[in-house]
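Trainee: In this note's numbering, the protein residues as written are 111 to 566. For glycine and all other residues, C-beta sits at the position ideal for the given N, C-alpha and C.
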Amino acid sequence: MWLFRNLFPKRTKELKSVVHSAPGWKLFGKVPPRENLQKTSRIIQQEYEARTGRTCKPPPQSSRRKNFEFEPLSTTALILEDRPSNLPAKSVEEALRHRQEYDEMVAEAKKREIKEAHKRKRIMKERFKQEENIASAMVIWINEILPNWEVMRSTRRVRELWWQGLPPSVRGKVWSLAVGNELNITPELYEIFLSRAKERWKSFSETSSENDTEGVSVADREASLELIKLDISRTFPSLYIFQKGGPYHDVLHSILGAYTCYRPDVGYVQGMSFIAAVLILNLEEADAFIAFANLLNKPCQLAFFRVDHSMMLKYFATFEVFFEENLSKLFLHFKSYSLTPDIYLIDWIFTLYSKSLPLDLACRVWDVFCRDGEEFLFRTGLGILRLYEDILLQMDFIHIAQFLTKLPEDITSEKLFSCIAAIQMQNSTKKWTQVFASVMKDIKEGDKNSSPALKS
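1. Rank Gly367, Ala368, Glu434 and Ile342 by C-alpha distance to the C-alpha of Pro357 and give the top, closest one.
2. Less than 8 Å between the beta carbons of His443 and Leu503, yes or no?
3. Among Glu292, Glu499 and Tyr378, which residue has its Cα nearest to the Cα of Leu405?
4. Indicate the three-state DSSP secondary structure (helix, strand or coil) for Gln353 in the structure shown.
5. DSSP puts Asn537 in a beta bridge; with which residues?
6. Provide the residue span of the alpha helix (DSSP H) that contains Thr461, from first to last.
7. How would you label Tyr454, buried or exposed, when you count the other beta carbons within 10 angstroms and need 16 or more for buried?
8. Look at the alpha carbon of Ile530 and the alpha carbon of Arg207, and state the distance between them as a whole number of angstroms.
9. Quick one, are the C-beta atoms of Ala403 and Ile302 less than 8 Å apart?
10. Count the other CB atoms within 10 Å of the CB of Thr461; is the residue buried (16 or more) or exposed (fewer)?
11. Hey, out of His363, Lys239, Pro278 and Arg373, whose CA is closest to Glu336's CA?
12. Tell whether a beta-carbon distance below 8 Å holds between Leu393 and Ala401.
13. Taking the alpha-carbon positions, what's the Val289 to Leu389 distance?
14. Could you give the DSSP three-state label for Gln411: helix, strand or coil?
15. CB-CB under 7 Å to Tyr372, same chain, minus the five flanking residues each way: which ones, in chain order?
16. Output the distance between the C-alpha atoms of Leu471 and Phe513, rounded to the nearest integer angstrom.
17. To the nearest angstrom, how far is it from the Cα of Leu271 to the Cα of Ala247?
18. To the nearest angstrom, report how far apart Pro409 and Ile459 are at their CA atoms.
19. Going by the beta-carbon positions, is the gap between Asp457 and Phe426 smaller than 8 Å?
20. With DSSP run on the structure shown, which of helix, strand or coil describes Gly381?
21. For Pro588, is the classification buried or exposed, using 16 other Cβ atoms within 10 angstroms of its Cβ as the cut-off for buried?
22. Ends of the alpha helix (DSSP H) at Ser201?
23. Using the beta-carbon count (16 or more within 10 Å), is Ile510 buried or exposed?
24. Should Asn54 and Val545 be called a contact, given that it needs their Cβ atoms to be closer than 8 Å?
25. Between the C-alpha atoms of Pro297 and Ile494, what's the straight-line distance to the nearest angstrom?
26. Excluding sequence positions up to five away, which residues of its chain have a Cβ less than 6 Å from the Cβ of Asp477?
27. Determine the closest residue to Leu299 out of Ala396, Glu435, Thr515 and Thr490, with distance taken between C-alpha atoms.
28. Lys424 lies in the alpha helix (DSSP H); which residues open and close that run?
29. Return helix, strand or coil for Asn294, following the three-state DSSP convention.
30. For Val141, count the other beta carbons within 10 Å of its own beta carbon; 16 or more makes it buried, fewer makes it exposed. Which is it?
31. Does DSSP put Glu242 in a helix, in a strand, or in coil?
32. Does Ala635 pass the burial test, meaning 16 or more other C-beta atoms within 10 Å, or should it be called exposed?
33. Pick out whichever of Ser466, Ile553 and Glu435 has its Cα sitting closest to the Cα of His419.
34. Mapping the DSSP letters down to three states, classify Val261 as helix, strand or coil.
35. Rank Gln240, Val261 and Met535 by C-alpha distance to the C-alpha of Glu484 and give the top, closest one.
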């Protein structure tokens, strides 16, 4: 709900007029409610008597109904009813049995109701506790950490607080500071490339089939501006805010278009729209573009978005080293089916898990990714494999690929981060960066057998 708290302000004074506005209701296939739509049986009877001049006598009360101390409220209570007069009456034993069955049904229903009430109470208690933790953490971030960012960002206390998830109110600011601005992009530079993108869009609409003889490769990259329109409608479709007519559609279109003109050597690649969308939800437009451009300039993202197969293979090889170290049984299971990391990792890395995981959980992954860098993206992947290890061990190639392509929607941050925390990013006293450097050296020298990740 925090995404929409400031997006759609409450309009209590206009509520009545909106409810009774026929065009607004017809837009959603509904009709405006009418006042006093339902009439009581007594009113209907009086109107009928006034119109016809006849008096309706109430039906005679059944004498057997007077013996009951209650009225049946559902079909469950029908077992307590006497049989019709044309059928034999219940025996005493049968009546007692029906009474007992009814009492058991009522007792069971009460148990379920109490259980549901306890569950709702527990959920509300956890929610209140979470909100209190977020509020207290927000105060610490705003008053202590952010004013002293460079000094405190690497302290143990801040790193532990960071791991627990950033408060939504400071998330964008922390992301911007953590990602940095090595490219020295300014809001003015963003406006320049946005203007260039708008000119390209205009020229595409006027002459869509013309090609320049010079700079064809650059033109092809910038032609990817047209591909952006197709992908924006597929970005978080359940939110309805990035689709055409939504409040963030034009902003997302502008940032992606400006980037394709800023980096024509990269252009637009599927998956970028999800990254830009997450940044838009947490930052102002110009700041989102600055963070977007700098984020995609990181070595890992640049390798994937430029489709540098050589570098991608090095990342996959390094990942498999830690895969075998942490989940050896699942690693051998994948090997038996020749199931390589590119089948599931590419989509996860391309979108930084924003497409694969629930949005709130993906944002928490982003939190620690901004803290730890590319290593945490692969650690998260191992955490997902650990979380579903028992299930994956029972599957074949096709089902594993399908499962990892579309992860369960009920995945929770507590379970996932518990599994991520259990993943050790250290192999024979070597950390991620050291293993990656070793893999690069092995491939460069052509000695592929020296790395366990590259053994066939």
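Mentor: Checking against the coordinates, here is how it stands:
1. The candidate whose alpha carbon is nearest that of Pro357 is Ile342.
2. yes
3. Of the residues Glu292, Glu499 and Tyr378, the one whose Cα lies closest to the Cα of Leu405 is Glu292.
4. coil
5. Lys540
6. Thr461 -> no alpha helix (DSSP H), and no H or E assigned at all.
7. buried
8. 56 Å
9. no
10. buried
11. His363
12. yes
13. 12 Å
14. helix
15. Within the same chain, Tyr372 has close Cβ partners Phe303 and Ala403.
16. 18 Å
17. 8 Å
18. Distance between the alpha carbons of Pro409 and Ile459: 12 Å.
19. no
20. In this structure, Gly381 counts as coil in the three-state DSSP scheme.
21. Here the chain has residues from 111 to 566 only, and residue 588 is not among them.
22. Element bounds for Ser201: n/a, residue is neither H nor E.
23. buried
24. Outside the shown range of the chain (111 to 566) lies residue 54, about which nothing can therefore be said.
25. 38 Å
26. Gly275 and Leu276
27. Ala396
28. Element bounds for Lys424: His419 to Asn436.
29. coil
30. Residue placement at Val141 is flagged as unreliable, the pLDDT there being 45, under the threshold of 50; the coordinate-derived value follows with that caveat. Val141 counts as exposed, since fewer than 16 other beta carbons sit within 10 angstroms of its beta carbon.
31. In the three-state DSSP reduction, Glu242 falls in the helix class (H, G or I).
32. Nothing in the structure corresponds to residue 635, since the chain is present only between 111 and 566.
33. Ile553
34. helix
35. Met535
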